[in-house]
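Chains as they are written, first to last, in the working numbering: chain A, 265 to 677; chain B, -17 to 555.
Note that CB positions come from ideal geometry on N, CA and C, so glycine has one too.
Quick caveat: nothing in here was measured; it's all calculated off a predicted structure.
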Amino acid sequence: MATIDTLSPEPEAHDDHGHDHDHPPWLAHHFDTPEQQFDSGKLGIWLFLVTEILFFSGMFCAYAMFRMLRPEIFEGSSQFLDTKLGAINTGVLLFSSLTMAWAVRCSQTGEHKKLVVMIASTLSCAMVFLGVKTIEYSHKWGMGLLFPGAYFYDENNPHPTTEQLVSQHGFSENTAYFLTHSIYFLCAPFLLLLVGVVIWAIIAKVKKNDFQFAVAKPLVVVCLSFFGGVGLGMILTGSEEHAEGSHVAAAHHDAGEHDHAGAGEATESIAATYTEPTTFNPASDDAAVELLAESDLNTGAKAMLLAQEKQAELASGRVVAPGEDVDMGIERIERGVETKRQAGVFFGIYYCMTGVHAIHILGGIGVLVWLLVRAIRHDFNRQYFGPVDYVGLYWHLVDLIWIYLFPLLYLIR
Amino acid sequence: MSTAVTIRDPGYPTDRENYLTNSSGILSWIFTLDHKRIGMMYLAGVVASFIVGGLLALGIRVHLLRPDGVLFTGPEGNNIYNQVFTLHGAIMVFLFIIPSIPAALGNFLVPIMLGAKDVAFPRLNLSSFYLWCAGAVFFVSALLSSGLDTGWTFYTPYSTTTDTSVILATLGAFILGFSSIFTGLNFIVTINTMRPPGMTWFKMPLFLWATYATSIIQVLATPVLGITLLLLIAERTMHVGIFDPEYNGDPVTYQHFFWFYSHPAVYIMILPAFGVISELISVNSHKHIFGYRFIAYSSIAIALLGFLVWGHHLFTSGMSSLTTIVFSALTFTVSIPSAIKVFNWIATMYKGSISLTTPMCYAISFVFLFTIGGLTGLFLGTLATDLHLHDTYFVVAHFHYVMVGGTLIAFLGGVFHWWPKMVGKMYNDMHGRIAALLVFLGFNLTFLPQFLLGSRGMPRRYATYDPEFAFLHQMSTYGALLLGCGLLYALVVLMISLAKGKRAPANPWGGITLEWTCTSPPPYYNFERPPIVGDPYDFHNVEWDAEGERYVLTEPERKLAPEETPSEQPAHH
């Protein structure tokens, strides 16, 4: 109200007519009261979150559709995702939500020190998440578990060398080098960031710039957390590697004695075998698939069997225009084309969903750093804590989306 | 008693108050947070895009003057034709129609009609303008690199295989989408939290209701377009296998995703036009709007129903017959709120004292053209006739009647209506009316023949045609040239007014909404104190002041104190 009364038709200067004694510096000139400003921001951020949900909804729809169309692909391919890493990341994000909520509380009560600690902890958790994600991604890229356009997973040689990628899969040398050494490429920007922040901290310390040093100090910890996440992921995948190798082998060996509980693993190994039509070996695997296909529940194995028959027919040249096969509908025709690309559909959706989520984590890191700087500057007080609140809401949404992604991609089998 | 009437008129702004002149230099425009300046920059931007898109349209029509094509000949001719109609569509939809009324007129009008000092987030507002610019740059670079020939819908699988610059154009559309989301978000928050005391929901001018409904769609639908285009880019660069059948994707999924945004987007284009027309008709009939609440609610109803009808673009794409029937039925429900509006406008004009000003000429054209556009939509919503008319010129004519006959005409009407407010200059009303007449005639001559062409089987997007269609195509081409002349005429009228126009009074048309209580142009702070809010369509206190050639708000004398000293005796004696 104050601004309006003091607004004279001949103001002293343009565009800053709001700065009179009753208008605190953090209250924008076009708002009358702090409440109006806070309510506007709150409504704005909720609307923004609605747009975010709708943004992700497109991918959730795609997930639901392709899962419905090709359940066996989803079941088989999700075996490749490391539940342990996913669970760790879920825990890390949940913890970061706690520290974020705590940060909001601290900003409301005016505890500046604690607020800085809480924001820095949230940032560190975000970095740990990205570190673990780096391990997950680079691991899969090296194995060729990629989107359909580049999928090259070969069960007999899950970790091909650069030369093999060039000679067997037709990648250019640069791409092949990137795929086999992706972990270094993914870590490099964060390493640069770490070095930059450390240098900044040292300079600030030497120049006795207390504010800059206060900002750089927590950021060093934050950048280090990324490598903490990478280390954590490496330790966990190291042990997992062994287990995975053995269970694939076991699935092959004991295929004959498999019960329904083991069907998932078996399907995976079969899918891996048949993803490459040239290595198709009916003699050794037929028995296992037929056994699995006896159960009506095992649609995956049935589809495999159907695919196998179709391929055998193709190979023997028996399929040349049988009248009844021509108009069997799209569904049947697609199932008949079992190529390695089909498994890639799962990974296409996996990379889109987790990738866009990771971009949101990066965006969150950006705004949290901004909050950190402002918190160290003591910008927030009992009356003005809106930005912390809004970023907190955004961060909870990013967390929530992961809470949905984790079971959908990693757990449901 | 004759002198007892007091007149309220804000007079003219000083140079220091005037939002156009209170600060000068190019930087004061580039970094401005004033919603009115941002609105004017949007206006310049959308008009420039419209000129580019319009020239492309003229290219198409001139090419179709002869059955074997006139302009784009030679071995690459058909490809060039494909690129021209694609860019015409993409530029008109993404760069012109979607931001035209909501972003250009909306930015100027929403806070000032509401009685607020600015939108809720002025910096976000400026950033959405720059996002619009960035999107435009992407479109221009697509145009300059290898062009674009997918049609503005980017349907897969063609868009994942063509070697034109789909990625540049879709990135452009993606960025423009965010511009649109932020504008919508800003308006929703502004209307919810920035209303001054006394401005209740049902005292808001109908333009604000329409803007609010539009903003809801912008916020809810545009993100889906964003993710769709992002997935399309991923499909093209990495083959993620969601839309491309070669990698086990499903192209019909793309169509569903695309139209889930783009059908509501049709209402992003037309709803603000409804708002403009409600204002123009009521002000120029000098009569209270008929059925205020019905018009207000029907905007919201259209916004919500608009989300349920996207499937009518896919009738021939292979959906189940049950789905098509459901979508067809839902499509018809949209006609109810649309018809409510048209009937209410006509009822407003009935027994009104109509001033046939330039804006009113556009408003009346709008009612005619939108009605034709709306009614021909019913043939396309009906399953049996749609199978015949799908992808013919009938569709082209239908949506041009709604988009051009509806949105563009309303945009022109709005610009002419608020031009004195925006720039503080009056244009020559007679020339404005002639331009409006030319636009009306040219438009009908262009698109009425296309209904006939379509129902006789002329498919859309063809560079050449059977000689039997030549006469109708020629009519259409001559109409387009006439339409172009009319639009140019209108532009010239406005430009001349900038140089030679008379100084505009605060209230040249007799409007009662809050922007007319400001000076023309408004001061940069909009209102010194929160304005007094009354019924936005109660014209009782507006009178024509022939001397000043302006309308003024009159206030009958109010007795603030008892006239005489009270009598000695108490009244009840």
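Between F189(B) and S260(B), the beta carbon gap of about 7 Å places them in contact (Cβ cut-off 8 Å). Chain A places a beta carbon closer than 8 Å to that of T175(B), counting this residue as a contact.
The beta carbons of P490(B) and P402(B) sit closer together than 8 Å. Taking 8 Å as the cut-off, the beta carbon of Y(-6)(B) is found no closer than this to the beta carbon of R415(B).
Taking 7 Å as the cut-off between beta carbons, the residues of the region 197 to 213 of chain B near chain A are V201, L202, P205, V206, G208, I209, T210 and L213, in sequence order. Ranked by Cα distance from T193(B), the first of A379(B), Q456(B) and V258(B) is V258(B). I676(A) is not a Cβ neighbour of T354(A), given a cutoff of 8 Å.
With at least 16 other beta carbons inside 10 angstroms of its own, G396(B) counts as buried. Taking C-beta separations shorter than 6 Å and ignoring five residues to either side along the sequence, the partners of M408(B) in its chain run P402, G483, K484 and A486, following chain order.
Residue contact check for D303(A) against chain B: a CB pair falls below 8 Å. H624(A) is outside the set of residues whose beta carbon lies under 8 Å from a beta carbon in chain B.
Proximity of chain B to Q606(A) at the Cβ level (cut-off 7 Å) is accounted for by N230, in chain order.
Look at T196(B) here: in three-state DSSP terms it is helix.
For F239(B), the nearest CB of chain A lies under 8 Å from its own CB, placing it at the interface with that chain. Check the Cα spacing between S436(A) and each of A414(A), H423(A) and S385(A): the tightest is with A414(A). In this chain, the beta strand (DSSP E) harbouring E525(B) covers V524 to D527.
Annotation: Cβ neighbours of Y615(A) in chain B (cutoff 9 Å, chain order): A216, M220 and V222. Taking S402(A) as reference, the option from M391(A), Y448(A), S360(A) and I499(A) with the minimal CA-CA separation is Y448(A). Under the three-pair Cβ rule at 8 Å, the region 287 to 298 of chain B counts as touching the region 236 to 245 of chain B. The Cβ atoms of G356(B) and S317(B) lie closer than 8 Å to each other. Here T138(B) is not near F256(B), since their CB atoms are 8 Å or more apart. At a beta-carbon threshold of 8 Å, none of the residues of chain A lie near K323(B); the nearest stands roughly 26 Å away.
In the structure shown, R443(B) falls within a coil segment according to DSSP collapsed to helix, strand and coil.
Any Cβ of chain A closer than 8 Å to the Cβ of L167(B) would place that residue at the interface, and such an atom is present. Under DSSP, P505(B) forms a beta bridge with N0(B). DSSP, read as helix, strand or coil, puts M331(B) in helix. With contacts defined as CB atoms closer than 8 Å, L313(A) and L661(A) qualify as a contacting pair. When the alpha-carbon of I337(A) is set against those of T618(A), L635(A) and F610(A), the nearest one is in F610(A).
Taking the C-beta atoms as reference points, L106(B) is found no nearer than 8 Å to N174(B). Note that the region 377 to 393 of chain A touches the region 625 to 641 of chain A; at least 3 beta-carbon pairs, one per stretch, sit closer than 8 Å. Taking a Cβ-Cβ cut-off of 8 Å, A328(A) has no neighbours in chain B, whose nearest Cβ is about 11 Å from it. The DSSP-derived three-state label of L38(B) is helix. At least 8 Å separates the CB of P518(B) from every CB of chain A.
At least one beta carbon of chain B lies nearer than 8 Å to the beta carbon of S321(A). Taking 8 Å as the threshold, the shortest C-beta distance from P335(A) to chain B does not fall below it. Annotation: Cβ neighbours of A414(A) in chain B (cutoff 9 Å, chain order): M220 and H221.
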